[in-house]
Structure formats: C-alpha cells, structure tokens
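Chemist: Let me begin by handing over the structure; questions about it come next.
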Amino acid sequence: MTDFSNSMLSVAIILSSMFATVGVMYGLLKYRDATVKLPVDREQLARIPAYGLQQQIQDLQMDLIGSMLMGAMIVSLPFAVSSIKAHITVGQFPWISVTTGLMGLAYCSFKTWKNFSKLTKLRLGHTAEIATANELIGLQALGYQVFHDVQADGFNIDHLVIGKNGVFAIETKGRHKRNKDLLQTNGNGNGSKGYQVFYKDGRLNFPSWTETKPIEQAERQSKWVSQWLTKATGTPVSSTPVLVFPGWYVTCQTKPPFPILNHKQLVGTIPTLRTQALSQQQAEQIIYQVAQRCMSKSEVGK
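So that you can map any letter, position 177 of the sequence shown is 182 in my numbering, and since no number is skipped, the others follow by simple counting.
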C-alpha cells in the first residue's frame with residue numbers, strides 16, 4: 006500500500022469515528038421531526054425581556070464550544086494520523102487501541118442519545134411555560150400580580166397569580182403532538198382531534214395515552230402554596246390549582262376538580278373564578294411574601 010493510501014486510510018478512520026456521533030444526533034433529529042412536534046409555534050410567541058440577547062448568548066456559547074473542539078482536533082489530528090499510519094505500514098493491527106476507541110465511541114453515542122432526549126423534554130417544557138407566561142400578560146393588564154418559577158421545597162411553582170378573587174397556582178405541562186395521532190384521526194393530516202385532550206373521571210385522555218400524575222401534581226403543589234401562605238401571612242389562604250396544556254384543545258366530559266385549560270383560556274377563565282375573596286390588604290400581604298421568597302431564592306443562587 007502506498008504512503009498516500011496509508012495517509013488517506015488513516016484520515017478516513019479518524020473522520021468515521023467523528024461522524025459516528027454526528028450521525029446519531031442527525032438520526033435522532035430526523036426521528037423527532039418525523040414523529041412529534043411542539044404544541045405551539047415558538048416563532049409566534051411574544052418575546053420575553055432580553056429574548057434576542059438570550060438567543061445571541063446561546064449561539065455564541067455554541068460557537069465557543071465548537072471553536073475549542075476544533076482547536077483540539079486540529080492539534081491532535083496530525084499525531085493521530087501518524088500513529089494510525091505507522092500501524093498500517095508495519096502491518097500490526099492495534100487491537101487494544103481500537104477496542105478502547107470503540108468503547109469510547111459507544112459511550113459517547115449513548116450519552117448523545119441520553120442528552121438529546123433530555124434536551125427535547127427541556128425544550129418542550131420551556132416552550133410551554135413561555136406560551137403560558139405570554140398569556141398571563143393579559144391578566145397583569147387586569148390588575149393581577151403574576152410570578153413565574155416560584156421556588157418551593159424541592160420543586161417549583163410554574164406560575165403564581167394573585168388577584169382579588171384568590172390565589173392561583175398554575176402548573177404548565179408541555180406535551181408533544183404526535184404526527185401518527187393526527188394521521189389516524191384524519192387521513193388528510195389536518196384534523197383537529199389529534200390535538201385534543203379531554204378530562205374524564207380523574208384521567209386526562211390524550212389521543213394515544215392517558216395520564217393522572219399532572220392532576221395529582223397540580224393539587225399537591227397548590228396545597229403547599231396554601232399552607233405556606235397561610236403560615237407566612239398569618240391568615241387563611243386558599244390556593245386554587247390550575248392545569249394548563251399549551252397548544253392542545255382541552256375539553257371536559259366530567260366535571261374536573263379544578264380548571265384544566267388551554268393557555269389561551271387563562272385570561273377569560275381566571276377572573277371568573279371565585280375561590281377566595283381577598284381584601285386589598287390581604288392581597289398585598291400575599292404579594293409581599295411571594296416577592297420576598299422569589300428575591301431570597303435569587304440571592305441564594307448567586
């Protein structure tokens with residue numbers, strides 16, 4: 006085998022190992038796009054403060070990571086090529102190095118799959134909470150105080166809304182819309198029932214699965230809010246749970262224990278609820294306690 010052929014084979018071996026992980030990521034992306042989609046269009050959401058700067062920061066962080074990896078690759082590539090070429094030239098196959106490399110490649114591919122799955126869930130949850138937060142701006146215009154991501158004891162309250170008609174602990178759940186459900190419901194691929202979830206007898210019924218945990222979680226977290234604010238203010242506070250599924254058409258076939266809504270229904274529904282009439286002084290006390298908790302948790306995180 007010629008010297009040029011040995012060099013090309015060495016480069017091919019190195020590049021194939023690099024593209025293996027990239028191939029795993031590409032396959033996962035194609036599978037995700039072919040099977041599910043976000044419940045709401047991110048591009049149609051109102052921009053939160055500093056949204057543009059946040060996107061620029063994320064892009065620059067990725068560029069920095071890419072630059073560092075590229076630098077490491079450029080430095081190590083000539084040495085790796087020379088090492089592999091030397092093994093090919095003398096005809097000694099480096100079984101130990103190859104085995105170690107394959108094990109490392111398998112581990113990296115597994116980590117890529119795990120992290121991609123986690124990233125997909127985080128992206129879904131982030132999009133859902135931003136969609137709900139956008140709608141809650143309408144309640145602020147009506148005089149409500151809205152807090153986001155209130156840290157509790159080992160968990161967080163997605164959104165806490167306080168008004169003269171009560172305190173509302175809003176739990177937002179993001180659920181992907183599965184393409185197969187839409188196609189099975191309507192052969193032309195544009196039916197609305199594939200995006201419908203209905204409540205019946207304590208269960209949330211999606212097109213191809215059912216859930217109960219979101220209901221239990223919303224009730225549990227609302228109970229914590231009630232206990233905490235009652236203790237913090239010295240007066241009884243009754244928090245009402247609200248469960249929100251952004252982007253889904255939500256209906257109820259039996260009476261739910263608390264409001265289960267699409268995010269677009271929040272502004273029209275919360276002002277009609279009469280769970281606890283609060284005086285101006287009571288509302289201000291509650292707002293103060295929530296604000297203090299948010300500020301103290303922020304200081305701890307610094």
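Ideal Cβ positions, reconstructed from N, Cα and C, are used throughout, including at glycine. This one's a predicted model, so the numbers in the text were calculated from it and none came from an experiment.
Below 6 Å, is the gap between the Cβ of residue 205 and the nearest heavy atom of the ligand ATP?
Modeler: Among the components of this structure there are no ligands whatsoever, and the ligand ATP is therefore not found.
Chemist: DSSP three-state call for residue 181: helix, strand or coil?
Modeler: In the sequence shown, residue 181 corresponds to position 176, counting from 1. It is coil, neither helix nor strand.
Chemist: Exposed or buried, residue 304, counting other C-beta atoms within 10 Å across all chains shown (16 or more means buried)?
Modeler: On the sequence shown, residue 304 is found 299 positions in, with the first residue counted as 1. Per-residue confidence for residue 304 stands at a pLDDT of 48, beneath the threshold of 50, marking its modelled position as unreliable; no derived number is given.
Chemist: Does the contact criterion of 3 or more C-beta pairs under 8 Å hold for the segment 177-185 versus the segment 133-149?
Modeler: These segments touch.
Chemist: Just the C-alpha distance for residue 24 and residue 61, rounded to the nearest angstrom, thanks.
Modeler: Position 19 of the sequence shown holds residue 24. Position 56 of the sequence shown holds residue 61. Looking at the two C-alpha atoms, the distance is approximately 27 Å.
Chemist: What is the DSSP secondary structure of residue 107, counted as helix, strand or coil?
Modeler: Taking the first residue of the sequence shown as position 1, residue 107 is located at position 102. Of the three classes helix, strand and coil, the one that applies to residue 107 here is helix, per DSSP.
Chemist: Drop a sphere of 10 angstroms on the beta-carbon of residue 221, count the other beta-carbons inside from all chains shown, and report buried for 16 or more, exposed for fewer.
Modeler: The residue labelled residue 221 in the question sits at position 216 within the sequence shown. Exposed.
Chemist: Can you tell me whether DSSP reads residue 193 as helix, strand or coil?
Modeler: If you number the sequence shown from 1, residue 193 lands on position 188. For residue 193, the pLDDT reaches just 45, beneath the cut-off of 50, and the residue's location in the model is therefore unreliable, although a value from the coordinates is still provided. Residue 193: coil per DSSP, three-state reduction.
Chemist: Helix or strand or just coil, what does DSSP make of residue 287?
Modeler: For the purposes of this step, residue 287 is taken as residue 282 along the sequence shown, with counting starting at 1. Reduced to three states, the DSSP call for residue 287 is helix.
Chemist: Output the distance between the C-alpha atoms of residue 196 and residue 128, rounded to the nearest integer angstrom.
Modeler: If you number the sequence shown from 1, residue 196 lands on position 191. If you number the sequence shown from 1, residue 128 lands on position 123. Model confidence at residue 196 stands at a pLDDT of 44, short of 50, so the residue's coordinates are unreliable; what they give is reported in the following sentence. Going by the C-alpha atoms only, they are around 25 Å apart.
Chemist: To the nearest angstrom, report how far apart residue 276 and residue 151 are at their CA atoms.
Modeler: Working through the sequence shown from its first residue, we reach residue 276 at position 271. Working through the sequence shown from its first residue, we reach residue 151 at position 146. Approximately 13 Å between the Cα atoms of the pair.
Chemist: Confirm, please, whether the CB-CB distance from residue 162 to residue 226 is below 7 Å.
Modeler: Position 221 of the sequence shown, counting from 1, holds the residue named residue 226. Position 157 of the sequence shown, counting from 1, holds the residue named residue 162. A contact, by the Cβ cut-off of 7 Å.
Chemist: Residue 173 and residue 258 - do their beta-carbons sit closer together than 7 Å?
Modeler: As a working mapping, residue 258 is identified with position 253 in the sequence shown. As a working mapping, residue 173 is identified with position 168 in the sequence shown. No, the pair does not count as a contact, with Cβ atoms beyond the cut-off.
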